[in-house]
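In this note's numbering, the protein residues as written are 31 to 283. All C-beta atoms, glycine included, are put in the ideal place defined by N, C-alpha and C. None of the values given here were measured: they were computed from a predicted structure.
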Ligand SMILES: NC(=O)c1ccc[n+]([C@@H]2O[C@H](COP(=O)([O-])OP(=O)(O)OC[C@H]3O[C@@H](n4cnc5c(N)ncnc54)[C@H](O)[C@@H]3O)[C@@H](O)[C@H]2O)c1
């Protein structure tokens, strides 16, 4: 498949959270391939450094900041560091999350706070940090990563589902509040996407057969497929779209 080129992304500073592995790494590669100036944040230092180094060798501008984005001060410092290296951000991909399984019976106060922090809180503070950049630039695009899992009514991770459904409300509120500055905010819900983590933890032959049966399009989705949609949402080519839910799950939900 020949990938589309978005000239408006060329040279533009783009911020990606959770970019060291999984879909996030696919986003970093895809935006780097557009010659955007890519900054990404992740807690996985070695994987982040390796990815940044590999892509920078291809003559691209890719900068990595290692931080635990559940610590808001660290997240803010990482964004400030990347802004100083790349310039003000007009595109934010709020991608980081953790789909750790858990049962209602086992949730205590600390676990509740930790799940909300890794799946929701940083999306608020990353948006808060870059919106002034976008206002100064006259606009921008924020892509808020949700999930098709709660849309399907999937069980097994109630706080992930609660966080991801809250991302939709957050999206619509921010789109309304900042639309007058030309800032677009969309809720992007991937389907089951074959990251390393999904392949090693969850993809059994039975689960794969069920997936192929339930998707309208039976092929597996990979991070590059999700990244292609994210590129469109980030680009001015989607300038008519804000406050929307875009589901990329091959027709499962
Ligand atoms: N893969 C799927 O099937 C799927 C399905 C639906 C939605 N999604 C959504 O897509 C996005 C990406 O998912 P993924 O499957 O690539 O996830 P993943 O778990 O494979 O990767 C998440 C990345 O975020 C980083 N991260 C996690 N906690 C962090 C922290 N505290 N500080 C900094 N970095 C941290 C991880 O190190 C990792 O690089 C998420 O928002 C997820 O909810 C994924």
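In whole angstroms, what is the alpha-carbon distance linking residue 250 and residue 222?
-> Between residue 250 and residue 222, the alpha-carbon positions lie close to 8 Å from each other.
Check whether the Cβ atoms of residue 129 and residue 187 sit closer than 7 Å, and answer yes or no.
-> Yes, the pair counts as a contact, with Cβ atoms nearer than the cut-off.
For residue 95, I'd like the list of residues in its chain whose CB is within less than 6 Å of its CB, leaving aside the five on either flank, ordered along the chain.
-> 71, 108, 111 and 112.
Pairwise C-alpha distance: residue 244 and residue 159 = The straight-line gap from Cα to Cα measures roughly 39 Å.
Cβ-heavy atom distance, residue 222 to ligand 1, below 6 Å = Under cutoff, so the answer is yes.
Ends of the alpha helix (DSSP H) at residue 238?
-> Per DSSP, residue 238 belongs to the alpha helix (DSSP H) from 235 to 244.
Note the first and the last residue of the continuous beta strand (DSSP E) segment covering residue 214.
-> Membership of residue 214 in the beta strand (DSSP E) is indicated by the continuous run 213 to 220.
How about residue 67 and residue 43: do their beta carbons lie closer than 7 Å?
-> Yes, the Cβ-Cβ distance between residue 67 and residue 43 is below 7 Å.
May I ask whether a heavy atom of ligand 1 can be found less than 6 Å away from the beta carbon of residue 148?
-> Distances between the C-beta of residue 148 and the heavy atoms of ligand 1 include at least one below 6 Å.
For residue 164, name the three-state secondary structure that DSSP assigns.
-> Reduced to three states, the DSSP call for residue 164 is helix.
Can you name, in chain order, every residue of its own chain whose Cβ lies under 7 Å from the Cβ of residue 147, other than the five neighbours on each side?
-> The beta carbon of residue 147 is closer than 7 Å to those of 100 in its chain, skipping five residues each way along the sequence.
Check whether the Cβ of residue 193 lies closer than 6 Å to any heavy atom of ligand 1, and answer yes or no.
-> Not under cutoff, so the answer is no.
Indicate whether the contact test is met: 3 or more Cβ pairs, each with one atom in the segment 210 to 218 and one in the segment 168 to 183, closer than 8 Å.
-> Judged by Cβ distances under 8 Å, the segment 210 to 218 makes contact with the segment 168 to 183, as three or more pairs qualify.
Assign residue 141 to one of two classes, buried (16 or more other C-beta atoms within 10 Å of its C-beta) or exposed (fewer than that).
-> Exposed is the call here.
Test item: CB-CB of residue 173 and residue 263 under 7 Å = With contacts defined by Cβ atoms closer than 7 Å, residue 173 and residue 263 form a contacting pair.
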